[in-house]
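Going line by line, the protein sequences match chains A and B.
In terms of the numbering used here, the first sequence opens at residue 1 and continues consecutively.
In terms of the numbering used here, the second sequence opens at residue 1001 and continues consecutively.
Here a beta-carbon is modelled for each residue, glycine too, at the ideal position from N, C-alpha and C.
Fair warning: this is a prediction, and the values are worked out from it, not measured in the lab.
Notes follow once the structure below has been shown.
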Amino acid sequence: MLSVETLRDWGADVDEALVRCLNNESFYLMLVQKAVKDPNFDRLPEAIAAGDPGKAFEAAHALKGVMANLALTPICKPVQEITELLRSRTDTDYAPLLSEISAQRDSLTQLF
Amino acid sequence: MNNRTHAGRMPDLQERNRMRRILIIEDEFVNRELLKAYLEDKYELLIAETGAEALEAVRKHFDTLSLVMLDLILPDMHGLDILREIKQDPDLSRIPVIVLTGDTESEVESLNIGASDFISKPYPRVEVILARIRRSIELSENRDLIRGTELDQLTGLYNREYFYRYAEQYDLYHREEDTDALVVDINHFRLINERYGKAYADVVLQQLGAGLLAAVKENGGIVCRREADTFQVYCPHREDYDAFAEEITAAASEGLKGRIRTRIGVYSRVDKSIDMERRFDRAKSAADTIRNSFSVSVAVYDNALHEKEVYAERLLDDFQEALTQKQFTVFFQPKYDIRPEAPVLSGAEALVRWKHPELGMISPGVFIPLFENNGLIRDLDNYVWREAAAQIRRWKDTLGHAVPVSVNVSRIDMLDPELTETLRNLVEENRLEYGDLHLEITESAYTQDAEHIIQIVSGLRELGFKIEMDDFGSGYSSLNMISTLPIDALKLDMLFIRTAFSENGNIRMLEISLDISRCLSVPMIAEGVETEEQMLTLKRMGCDIVQGYYFSKPVPAEEFERFLFQN
Chain A
1 MLSVETLRDW GADVDEALVR CLNNESFYLM LVQKAVKDPN FDRLPEAIAA
51 GDPGKAFEAA HALKGVMANL ALTPICKPVQ EITELLRSRT DTDYAPLLSE
101 ISAQRDSLTQ LF
Chain B
1001 MNNRTHAGRM PDLQERNRMR RILIIEDEFV NRELLKAYLE DKYELLIAET
1051 GAEALEAVRK HFDTLSLVML DLILPDMHGL DILREIKQDP DLSRIPVIVL
1101 TGDTESEVES LNIGASDFIS KPYPRVEVIL ARIRRSIELS ENRDLIRGTE
1151 LDQLTGLYNR EYFYRYAEQY DLYHREEDTD ALVVDINHFR LINERYGKAY
1201 ADVVLQQLGA GLLAAVKENG GIVCRREADT FQVYCPHRED YDAFAEEITA
1251 AASEGLKGRI RTRIGVYSRV DKSIDMERRF DRAKSAADTI RNSFSVSVAV
1301 YDNALHEKEV YAERLLDDFQ EALTQKQFTV FFQPKYDIRP EAPVLSGAEA
1351 LVRWKHPELG MISPGVFIPL FENNGLIRDL DNYVWREAAA QIRRWKDTLG
1401 HAVPVSVNVS RIDMLDPELT ETLRNLVEEN RLEYGDLHLE ITESAYTQDA
1451 EHIIQIVSGL RELGFKIEMD DFGSGYSSLN MISTLPIDAL KLDMLFIRTA
1501 FSENGNIRML EISLDISRCL SVPMIAEGVE TEEQMLTLKR MGCDIVQGYY
1551 FSKPVPAEEF ERFLFQN
C-alpha cells in the first residue's frame, strides 16, 4: 500500500517532499505514482545502449529533477551519479548504475 | 501591425484587475503539476509541453504574457534555443523568462542570453518561487513604463532626449568605430499635411520611422524622431547613402498616392570630442543646404561647410569692433554722363569695403547678406551714409565742388522708423543740399513692401532727396506699378547688362528698358559696364549714365579726387 509511512520506510525524505507539495499528502502520492512511470527510466538505458551520451544525459538530468522534487532519495543517488558521469561523457561501464536505478525503481513500485 | 511592441502594452483598468498571465514550458508531468499547484491561484496559466507548442503560445499571446517559465530539457528542442528566439525577436523580447534548470553551466548561459532568473530542482520553497516570479515581472513592467516615456508616441522611436543618452552609450560600446550622424527630413512636409491631411501625414511619419528602424536593425545604430518631420540616426560609417535614401523613401511612400521626398544630412565620421548635439547640428546644416533641391537627396557636412560657418560667425563677432575701429571704409565708383562727346563725371556710388586686420579684404558679397540676415545691416548702412555725407562735405570744402553721391538703402533700413530723420540730420549736419545725397533703393524692395516703401520714398523726395531705383530688371514690378513709382532714375542691373550683351542675350531688352525710363522721364543709369563696346552701344541707344569697370573700379576717397579734378 503506497502511503506516506511506507514511503518514509522505503527511504524517501517525506517531510521535505510534503512541504514541496503544499502539505497535501494525496497530491504527493499521486505525483509519486506518476513519477515511477516516467518514460526517462526507459530512455536512459536506451540512449546508453545506442551510444548517445547526449540523449542519455538529458534523460538522466530530467529524471534527477523529478526524483529530487519528490525527495525519492534511494533513486536520486544513483541517478545523480550517472548524470554527472554522462555530463562529462565519461567512458565507463554504466551497467551497474543502470541496474541500481532499475532496482530502486522496482522496490518503489512494489509499495503500490 | 504593432509599432510599439518594444514599449509593451499599457493594460487598461479591467485588464489590470485580472490576473497576470504566465506560460509554463515543461514536459515533465511531476514538475508541471507542482508549478501549477504553486501558481494557479495567483496567475492565469498557459501550459506548453514541447518547444513547438511553446513558441506558438508565446507568439500568440505575446502582448498579454507577463512571464515565461522555461525548462531547458524539452523533447523537440533545447530550451536555450527557445530562449534565444524569444530574446532576439523584437515583439517577444520584453517578456521576462525564468529558466528552470538544475545545472550551473546552463544558468550562466541562460543569463547571458537574457533570462532574468533561474529556478533549479529540487524546487525551493513556494514563497521563494512566487517572490522571484513577482520580482521578474515587476522589473519588466517598470522597464516598460520607463520605456513609455522614452518613446515618441506616434512612431515608437526614441524621442530626442533619450536618443542622446542612448547615443552616448552607443559610443561607449563602439569606441573604435567610425560613426556617422544623420538628420533625415521630409521635403515640404507642411505642404503634405495641408494637402492630404494630418492622418495621411502621420502615416508617412510612421512609415519613415519604421523604414529607419529596419535599416538600423540591419546595419547597426539607433534612431529617433527628433521633432515634427525630422529624424536622427546614429550609425556605423557608410561611404554612400544613396541606396539608404532610396530605401527609406520607398518605405515612407509605401502605399501612398503622393510623392514623398526625403533629404539626408550626413556628418561623416563624427568628431567624438564634441557634444552629441553639435554633431547633429552639423548634420542638420548639411541637410539644410539641400532643402529646396529636387535632384539631390543626400548632403554631407564637410569641412568647407564648417569653415564657412566658422568664418561667418567670426565676421559677426568682429562686426562691432570693426565698426568702432573704422575697419570699414567707403569707396567711391564714378558715374559718367555719356551723352556729350566726352563723358562727364556726374556722380559716384558709395560702396563699403572691409579691411579686416587678420582676414584681409572681405568681399561685400560675403558680409552684406550675412549682416542683412542678422540685423547688423542697419548699423553698417548708417555708418556708410555718415561717411559718405562727411566726404561730400570735405570735397566741397577742399575742392570747392563735389558730385552727388548715391548710397544704398536696403529694405531693412526702410523698416527703421527713424530713417527719414537720420537722413535729414545727416544732410543738415554736413550742410549739404538734399540733392547731394542720392538714395539707391533696389527694385525688389518696392515690390515686396510696395505701399510702405512708396510712402517713405515719397516723403524723402519731398525733402529733396533723389531716389534711384537700383537693380531694375531684377524685381517683379508690373508695368502698371512702374508707371506710378516715385523715382528719379532707373539703374539697370549689372546682370541684366551682362546677359543682354552675352551670346544668347537680347539687346532689345535694353532698348525697351530705356524706353521705360524715357516714358517715366527719368535718366537711365547702366551699372557694371566693362567694355567700350558695351559703353558705345548703350550710348547709341540713348542711355544717360554709365558706371562700371570701363571707367573705374570703386576707389578710396583720395583717389576719387583725381576724377573730380579732371572735371
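Quiz item: Is it buried or exposed for residue 31 of chain A, if we count other Cβ within 10 angstroms and need 16 for buried?
Solution: buried
Quiz item: To which residues of the same chain is residue 1053 of chain B closer than 7 Å at the C-beta, ignoring the five residues directly before and after it?
Solution: none
Practice problem: Select from B/1280, B/1217 and B/1204 the residue whose C-alpha is nearest the C-alpha of residue 1251 of chain B. | Solution: B/1204
Quiz prompt | Residue interval of the beta strand (DSSP E) (run including residue 1155 of chain B) | solution = Run containing residue 1155 of chain B: none; DSSP gives neither H nor E here.
Practice problem: With a 10 Å radius around its C-beta and 16 neighbouring C-beta atoms as the bar for buried, classify residue 1239 of chain B as buried or exposed. | Solution: exposed
Quiz prompt | Contacts around residue 1395 of chain B, its chain only, beta-carbon distance under 6 Å, and the 5 residues preceding and following it disregarded | solution = 1402
Quiz item: Do we get a CB-CB distance below 9 Å when we pair residue 12 of chain A with the residues of chain B?
Solution: no
Quiz item: Residues of chain A with a CB under 8 Å from the CB of residue 1034 of chain B: which are they?
Solution: 20, 21, 31 and 69
Quiz item: Does any CB atom of chain B fall closer than 9 Å to the CB of residue 16 of chain A?
Solution: yes
Quiz item: Do the CB positions of residue 1622 of chain B and residue 1098 of chain B come within less than 9 Å of each other?
Solution: For chain B, the structure presents residues 1001 to 1567; residue 1622 of chain B sits outside this window and is missing.
Quiz item: Would a C-beta distance cut-off of 9 Å place residue 1338 of chain B and residue 1543 of chain B closer than the cut-off?
Solution: yes
Quiz prompt | CB of residue 1152 of chain B within 9 Å of CB of residue 1221 of chain B, strictly | solution = no
Quiz item: Beta-carbon separation of residue 1280 of chain B and residue 1183 of chain B under 9 Å?
Solution: yes
Quiz item: What's the call for residue 1503 of chain B, buried or exposed, on a 16-neighbour Cβ count within 10 Å?
Solution: exposed
Quiz item: Are any of the Cβ atoms in chain A nearer than 9 Å to that of residue 1109 of chain B?
Solution: no
Quiz item: What is the DSSP secondary structure of residue 1444 of chain B, counted as helix, strand or coil?
Solution: helix
Exercise. Taking all protein chains shown into account, decide if residue 1565 of chain B is buried (16 or more other Cβ within 10 angstroms of its Cβ) or exposed.
Key: exposed
Exercise. Along the alpha helix (DSSP H) that carries residue 1369 of chain B, what are the first and last residues, could you check?
Key: 1364-1373
Quiz item: Is residue 1485 of chain B closer than 9 Å to residue 1474 of chain B when the C-beta atoms are compared?
Solution: no
Quiz item: Using a C-beta to C-beta distance shorter than 8 Å, which residues of chain A count as neighbours of residue 1102 of chain B?
Solution: 61, 64, 65 and 68
Quiz item: Among residues of its own chain, excluding the 5 on either side of residue 1270 of chain B, which ones have a beta-carbon nearer than 6 Å to its beta-carbon?
Solution: 1179, 1181 and 1279
Quiz item: Looking at the unbroken beta strand (DSSP E) that takes in residue 1179 of chain B, where does it start and where does it end?
Solution: 1179-1186
Self-check item: chain A residues whose Cβ lies nearer than 8 Å to that of residue 1128 of chain B
Solution: Here the premise fails: no neighbours, minimum Cβ distance about 11 Å.
Practice problem: Would you list the one or two residues that DSSP bridges to residue 958 of chain B? | Solution: The requested residue 958 of chain B is not part of the displayed model; chain B covers only 1001 to 1567.
Quiz item: Going by DSSP, which residues form a beta bridge with residue 1236 of chain B?
Solution: B/1179
Practice problem: Please confirm if residue 1098 of chain B has its CB atom under 9 Å from at least one CB of chain A. | Solution: no
Quiz item: Heavy atom of the ligand HEM less than 8 Å from the Cβ of residue 1388 of chain B, yes or no?
Solution: The model on display carries no ligand, and the ligand HEM is accordingly not part of it.
Practice problem: Would you identify the three-state DSSP class for residue 55 of chain A, choosing helix, strand or coil? | Solution: helix
Practice problem: Could you work out which residue in B/1398, B/1459 and B/1388 is closest to residue 1427 of chain B when comparing CA atoms only? | Solution: B/1388
Quiz item: Between residue 81 of chain A and chain B, is there a C-beta pair that is closer than 9 Å?
Solution: no
Quiz item: Count the other CB atoms within 10 Å of the CB of residue 1 of chain A; is the residue buried (16 or more) or exposed (fewer)?
Solution: exposed
Quiz prompt | 9 Å Cβ cut-off: residues of chain B touching residue 5 of chain A | solution = Under the 9 Å cutoff, chain B gives no residues; its nearest Cβ is about 21 Å from residue 5 of chain A.
Practice problem: Give me the Cβ distance between residue 1071 of chain B and residue 1100 of chain B, rounded to the nearest whole Å; I'm assuming they're in contact under 8 Å. | Solution: 4 Å
Exercise. Compare the C-beta of residue 1019 of chain B against all C-beta atoms of chain A and say whether one is closer than 9 Å.
Key: no
Quiz item: Comparing the C-beta of residue 1131 of chain B with each C-beta of chain A, is any distance below 9 Å?
Solution: no
Quiz item: Where residue 80 of chain A and residue 98 of chain A are concerned, what is the direct C-alpha to C-alpha distance, given to the nearest angstrom?
Solution: 12 Å
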